[in-house]
Amino acid sequence: MSAHDLELPLIAARPFDPEDATPLELNPTLTVDWLVEFLRDEIVRRRGFRRAVVGLSGGVDSSLTAYLCALALGAENVFGVRMPYRTSSQDSLDHAAMVAEALGLPMSTVEITGAVDGYLSLEPDADGRRRGNVMARTRMVVLFDQSAKLSALPVGTGNKTERLFGYFTWHADDSPPVNPLGDLYKTQVWQLASAVGVPEVIVRKPASADLVVGQTDEGDFGISYGRADRVLYYLLRGYTPEKLVEIGFPATEVGLVVGRLSSTHWKRHLPTSAMLSTTSINDYYLRPVDY
Amino acid sequence: MSYTVAVAQLKPKKADYQHNLARVAGAFEQVAHLAPRPDVLVLPETAMSGYFLEGGVRESSRTAQELFTDLLARFRGCFPPDAALDVVVGFYEAAEGRYYNSALYATLSGTECPEQARIVHVHRKFFLPTYGVFDEKRFVARGRTIAAFSTRLGPAAMLICEDAWHSVSSAVAALQGALSLYVLSASPGRGFEGATTGNLQRWDRLLPGIAEEHNVFVVYAGLVGFEGGKGFTGSSRIVDPWGAEVVRGPVAGECLLTGSVDLDLLAAARAGTPLLMDLESNLGDLSLMLDRLVRGPHELLGGSL
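Chains V and Y are the protein sequences, given in the same order.
Following the numbering used here, the numbering of the first sequence begins with 160 at its first residue and continues without gaps.
Following the numbering used here, the numbering of the second sequence begins with 7 at its first residue and continues without gaps.
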């Protein structure tokens, strides 16, 4: 018997692949069922609403949110509101209408140009960032007023990636009391959107806040959602930036993601109150949101 | 002996003890009319209040005696005067100037057999999860014991949620002679990659593992419903001493499960895989090793115990 005959069959574990998106893949049926139950519980059982209002931007986040709300409450109980500014793209408006039509949900359009320009006429030097924030906050004024008008609970559409990047306007996009997508990375939003039947043209188009003509999220970030989500996934599980670089993630991408994450913790919290007593709210006096 | 178990998989109303007491009374009413009538009704962790209370534990806690008195009154409103029912229920307990996440085991009985009615045992959660979404050590004190106790349905023990995630807990209970192990849980769903949620996959490994290792019956009662965006994964069940499920409830939604527990089967199961007896015979060595682990840090510091 030769040495070759004694050689054992080798079974080697696959090396770690930083390009592998498998860990981010969800069971779509399980997840959608859970989110639908979450919406029913939060909107109907806890808050006593039967209807929801969703700001339809024509993007994948608000489209998926509308689909989930329709599954939870019935399409006739979900109000879509388009809130275009004069520079908003026609595609955005068309895609929002496509979602409303596909689901059969009632939709209205509230132009925010007059309100936004009325204020900005007093601030003609406002830069793009300020103008974008004014638009986002105006949309929340509209959404909450529509909520009162329609007796429908505003449902948020922010995803986990943009929350972690701080890529939203504080006390605007993040203000609705219920958010089904807040623990879903953007790539997971895409996965679920395809699973529930959001039109592929919406799922596949480059994500954009549509605050400036030609703007895309990934252009603003300097990294694709797919690559950012993989870095975020491991960072939030406790991998250090140094470990991520060691196991194959590009140092520039890790640095970019860490920079955005670590500079925006404040946006994921309520305003900071000065603590003076041993009954300070949310420091000592602790009651859960549904208490 | 054999007995019939009912598990009420409930969604409590947050911090509303009276409402939840009425729901338990509803379960009593239903159980009273089942044939065969269950001998024990098991409810999940914090069934009297909901789980995530934070500082609200102060307002929603009761003494074991208060809960027992309330349950007994409701029981007597539903059952015939000669009937008895054991009940296992999770609640926030006020006791000895502290708050606990506890489980009450009580026997309730009618007015024709009042001598049977008693608090049999109170288990105070031993392992308090305080990580991630959990913050128990901040709001409740931990129990100091895991104990088997005698019931009219044979020796039993109770564990609450993370208690059961430590294999040593069920080992201690089984070594003390528990034949029926009641596991009460409020397990928030997390991890949506697989066929079921990640936490449920863990329970699916744990509960048959406990039953099979120690050859005990495991009765698991899981909370359901959402609390502040966190949904509990139910899946109450009875597992036999070979690790097979006798009956299982759904992930979401309230239900009443029933099944039978035949303690006569334990001897056969233990004869087939006498792991518990092996553990008993090796306890001396294990105890010395554990004792060394406990003393080690102190001895390194030069102290003597």
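Beta carbons are placed, not taken as given, at the ideal position from N, Cα and C, and that holds for glycine.
Because the structure is a prediction, the values reported are computed rather than measured.
Do the CB positions of residue i and residue j come within less than 8 Å of each other?
{"i": "residue 417 of chain V", "j": "residue 226 of chain V", "result": "no"}
{"i": "residue 99 of chain Y", "j": "residue 67 of chain Y", "result": "yes"}
{"i": "residue 186 of chain Y", "j": "residue 213 of chain Y", "result": "no"}
{"i": "residue 221 of chain V", "j": "residue 316 of chain V", "result": "yes"}
{"i": "residue 311 of chain V", "j": "residue 211 of chain V", "result": "yes"}
{"i": "residue 118 of chain Y", "j": "residue 84 of chain Y", "result": "no"}
{"i": "residue 13 of chain Y", "j": "residue 227 of chain Y", "result": "yes"}
{"i": "residue 78 of chain Y", "j": "residue 49 of chain Y", "result": "no"}
{"i": "residue 343 of chain V", "j": "residue 214 of chain V", "result": "no"}
{"i": "residue 389 of chain V", "j": "residue 177 of chain V", "result": "yes"}
{"i": "residue 252 of chain Y", "j": "residue 265 of chain Y", "result": "yes"}
{"i": "residue 194 of chain Y", "j": "residue 223 of chain Y", "result": "no"}
{"i": "residue 431 of chain V", "j": "residue 385 of chain V", "result": "no"}
{"i": "residue 55 of chain Y", "j": "residue 270 of chain Y", "result": "no"}
{"i": "residue 208 of chain V", "j": "residue 339 of chain V", "result": "no"}
{"i": "residue 331 of chain V", "j": "residue 274 of chain V", "result": "no"}
{"i": "residue 70 of chain Y", "j": "residue 128 of chain Y", "result": "yes"}
{"i": "residue 230 of chain Y", "j": "residue 200 of chain Y", "result": "no"}
{"i": "residue 361 of chain V", "j": "residue 217 of chain V", "result": "yes"}
{"i": "residue 201 of chain V", "j": "residue 232 of chain Y", "result": "yes"}
{"i": "residue 381 of chain V", "j": "residue 403 of chain V", "result": "no"}
Apart from the five residues just before and just after residue i, which ones in its own chain have a Cβ nearer than 7 Å to its Cβ?
{"i": "residue 195 of chain V", "result": "227, 230 and 231"}
{"i": "residue 234 of chain Y", "result": "58"}
{"i": "residue 190 of chain V", "result": "351"}
{"i": "residue 180 of chain Y", "result": "220, 222 and 282"}
{"i": "residue 197 of chain Y", "result": "203, 204 and 205"}
{"i": "residue 82 of chain Y", "result": "116 and 117"}
{"i": "residue 182 of chain V", "result": "392"}
{"i": "residue 80 of chain Y", "result": "27, 30, 31 and 34"}
Where does residue i sit, in a helix, a strand or coil, going by DSSP?
{"i": "residue 345 of chain V", "result": "helix"}
{"i": "residue 207 of chain Y", "result": "helix"}
{"i": "residue 353 of chain V", "result": "helix"}
{"i": "residue 271 of chain Y", "result": "helix"}
{"i": "residue 431 of chain V", "result": "coil"}
{"i": "residue 25 of chain Y", "result": "helix"}
{"i": "residue 313 of chain V", "result": "strand"}
{"i": "residue 224 of chain V", "result": "helix"}
{"i": "residue 189 of chain Y", "result": "strand"}
{"i": "residue 182 of chain V", "result": "helix"}
{"i": "residue 208 of chain V", "result": "coil"}
{"i": "residue 7 of chain Y", "result": "coil"}
{"i": "residue 247 of chain V", "result": "coil"}
{"i": "residue 165 of chain Y", "result": "strand"}
{"i": "residue 277 of chain V", "result": "helix"}
Which same chain residues, not among the five before or five after residue i, have their C-beta less than 6 Å away from its C-beta?
{"i": "residue 325 of chain V", "result": "423 and 426"}
{"i": "residue 420 of chain V", "result": "323"}
{"i": "residue 162 of chain Y", "result": "184 and 186"}
{"i": "residue 305 of chain V", "result": "212 and 240"}
{"i": "residue 299 of chain V", "result": "331 and 334"}
{"i": "residue 236 of chain Y", "result": "194"}
{"i": "residue 255 of chain V", "result": "215, 217 and 241"}
{"i": "residue 321 of chain V", "result": "327"}
Return the chain-ordered list of same chain residues with a C-beta closer than 8 Å to the C-beta of residue i, the five sequence neighbours on each side being excluded.
{"i": "residue 141 of chain Y", "result": "60"}
{"i": "residue 105 of chain Y", "result": "63, 64, 67, 98, 99, 145, 146 and 147"}
{"i": "residue 438 of chain V", "result": "444"}
{"i": "residue 135 of chain Y", "result": "142, 167 and 168"}
Just checking my contact of residue i with residue j at CB under 8 Å: how many whole Å lie between their CB atoms?
{"i": "residue 240 of chain V", "j": "residue 352 of chain V", "result": "About 19 Å; that fails the 8 Å criterion."}
{"i": "residue 51 of chain Y", "j": "residue 190 of chain Y", "result": "4 Å"}
{"i": "residue 126 of chain Y", "j": "residue 157 of chain Y", "result": "6 Å"}
{"i": "residue 37 of chain Y", "j": "residue 244 of chain Y", "result": "With 8 Å as the limit, residue 37 of chain Y and residue 244 of chain Y do not qualify as a contact, their Cβ atoms being about 15 Å apart."}
{"i": "residue 348 of chain V", "j": "residue 314 of chain V", "result": "Not a contact, Cβ separation roughly 14 Å."}
{"i": "residue 237 of chain V", "j": "residue 264 of chain V", "result": "5 Å"}
{"i": "residue 369 of chain V", "j": "residue 248 of chain V", "result": "6 Å"}
{"i": "residue 16 of chain Y", "j": "residue 53 of chain Y", "result": "6 Å"}
Inset, instruction - Counting only runs of 4+ residues fully inside the stretch 135–160 of chain Y, write out the alpha helix (DSSP H) ranges in chain order. - result: 142–145
Legend entry - Contained alpha helix (DSSP H) runs [length at least 4] in the stretch 207–281 of chain Y, N- to C-terminal order: 271–278
Legend entry - Every unbroken alpha helix (DSSP H) inside the stretch 354–383 of chain V [4 residues or more]: 359–363 and 376–380
Legend entry - In chain order, each beta strand (DSSP E) run of at least 3 residues that lies wholly inside the stretch 28–80 of chain Y: 46–48
Inset, instruction - For the stretch 16–39 of chain Y, enumerate the residues whose C-beta is nearer than 7 Å to any C-beta of chain B, in chain order. - result: Going by chain labels, chain B is absent from the structure shown, which instead holds the protein chains V and Y.
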